[in-house]
Amino acid sequence: MNALLDLHPEVADALHHGRPVVALESTIISHGMPWPQNAETALRVEAAVREHGAVPATIAVIDGRLKAGLSREQIESLAQQGLAVPKASRRDLPLLIARGATGATTVAATMIVAALAGIRVFATGGIGGVHRGAETSFDISADLQELARTSVAVVCAGAKAILDLPLTLEYLETQGVPVLGFGTDELPAFYSRESGLKLPARADTPAELAAVLHAKWQAGLEGGVVIANPIAREHEIPQPRIAGYIAQALTEAQAQGVAGAAVTPFLLARVSELTGGASLKANIELVLSNARLAAQVAGALVALHIQVGQT
19 MNALLDLHPE VADALHHGRP VVALESTIIS HGMPWPQNAE TALRVEAAVR
69 EHGAVPATIA VIDGRLKAGL SREQIESLAQ QGLAVPKASR RDLPLLIARG
119 ATGATTVAAT MIVAALAGIR VFATGGIGGV HRGAETSFDI SADLQELART
169 SVAVVCAGAK AILDLPLTLE YLETQGVPVL GFGTDELPAF YSRESGLKLP
219 ARADTPAELA AVLHAKWQAG LEGGVVIANP IAREHEIPQP RIAGYIAQAL
269 TEAQAQGVAG AAVTPFLLAR VSELTGGASL KANIELVLSN ARLAAQVAGA
319 LVALHIQVGQ T
């Protein structure tokens, strides 16, 4: 095991005995939602993973240590500190480790720590992607490069709706990252089930998803897989409605000079205000749905490994 990595005892025991484990990110705790919904949601997500047969491993950097699995106290501390906790992507990990600092892991950093721990399945809300206006700003999330290089499957509700979804899908294709729709032929648009963007492949059961993951990695094809799980219909915000709020939030961000890592939390918070909290509720529900599916996929992947090992 990596000398900089600490496994929570529950996670270490599950990995040792070959039981399914699901990685969870911590940026959603510190930057994705306000207190106290962030702590409540994080604990509900962990509970949803357990209810579906897997062990949750919320990931963060705490006092310079890479953590796979957090205590309740650590989750609540990240939630209460909120935006004061820096976001940690691949580029930030060396600095946090060297300085003995704390950081909330993005999708990219969570994938890195999960891979170090031997965790193959990760649940989040939405991945980062190509930002609108990237043809001049070059603002492209490190999540996409990490998906190309790190062998962890990411269960999400597509890319965040504030992004340029067609360019994000094109970038993933260029990087050779499979994007599988769970029960859908379209890329979900985070708050909405449909984006109008056709996906190259779909799967209708967790076992089918696990079979694709197993085949990819057994063939020596390193890199991640995006499992796009649409938000439940009863919780979605139709795309025509949410699009107007996102456009307004983007205009305000530009007018206020919001840039870089501050863009996503600003937009998510502003869209929540404009929707009267509806987008926050949708965000919580889609994360829970992704956690449940990730637990099932992790279980199916373990079962497949056992089956293959016995034949």
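The sequence shown begins at 19 in our numbering and counts up by one.
By construction, the Cβ of each residue, glycine as well, lies at the ideal position given by its N, Cα and C atoms.
Computed from a prediction, not measured in an experiment: that's the story for all the values here.
Distance, Cα to Cα, residue i vs residue j?
i           : j           : result
residue 94  : residue 253 : 26 Å
residue 85  : residue 131 : 8 Å
residue 184 : residue 244 : 15 Å
residue 321 : residue 200 : 19 Å
residue 72  : residue 324 : 16 Å
residue 116 : residue 248 : 39 Å
residue 329 : residue 232 : Caution applies to residue 329, whose pLDDT of 34 falls short of 50 and renders its modelled position unreliable; the value that the coordinates give is listed next. The straight-line gap from Cα to Cα measures roughly 15 Å.
residue 82  : residue 120 : 6 Å
residue 18  : residue 140 : Look at the range of the chain in this structure, 19 to 329, and you will see that residue 18 is not part of it.
residue 129 : residue 143 : 14 Å
residue 263 : residue 69  : 35 Å
residue 79  : residue 46  : 14 Å
residue 103 : residue 173 : 24 Å
residue 171 : residue 308 : 12 Å
residue 212 : residue 24  : 39 Å
residue 126 : residue 77  : 11 Å
For residue i, count the other beta carbons within 10 Å of its own beta carbon; 16 or more makes it buried, fewer makes it exposed. Which is it?
i           : result
residue 22  : exposed
residue 49  : buried
residue 156 : exposed
residue 175 : buried
residue 51  : buried
residue 147 : buried
residue 240 : exposed
residue 29  : buried
Once DSSP output is grouped into helix, strand and coil, what is the label at residue i?
i           : result
residue 122 : strand
residue 70  : coil
residue 81  : coil
residue 318 : helix
residue 22  : coil
residue 29  : helix
Does the beta carbon of residue i sit closer than 8 Å to a beta carbon anywhere in chain B?
i           : result
residue 184 : You won't find chain B in this structure, because it holds only one protein chain.
Which whole runs of the beta strand (DSSP E) in the segment 259-310 are 3 residues long or more, in chain order?
-> Contiguous beta strand (DSSP E) elements confined to the segment 259-310 do not occur, taking only those with 3 or more residues.
For the segment 199-253, list the alpha helix (DSSP H) runs that are entirely contained and at least 4 residues long, ordered along the chain.
-> Counting only runs of 4 or more, we get 224-236.
Three CB pairs or more closer than 8 Å across the segment 201-208 and the segment 283-295 = No, because fewer than three Cβ pairs between the segment 201-208 and the segment 283-295 fall closer than 8 Å, the two stretches do not touch.
Residue ranges of each alpha helix (DSSP H) within the segment 139-203, 4 or longer = For the segment 139-203, whole alpha helix (DSSP H) runs of length 4 or above, ordered along the chain, are 152-155, 160-167 and 183-192.
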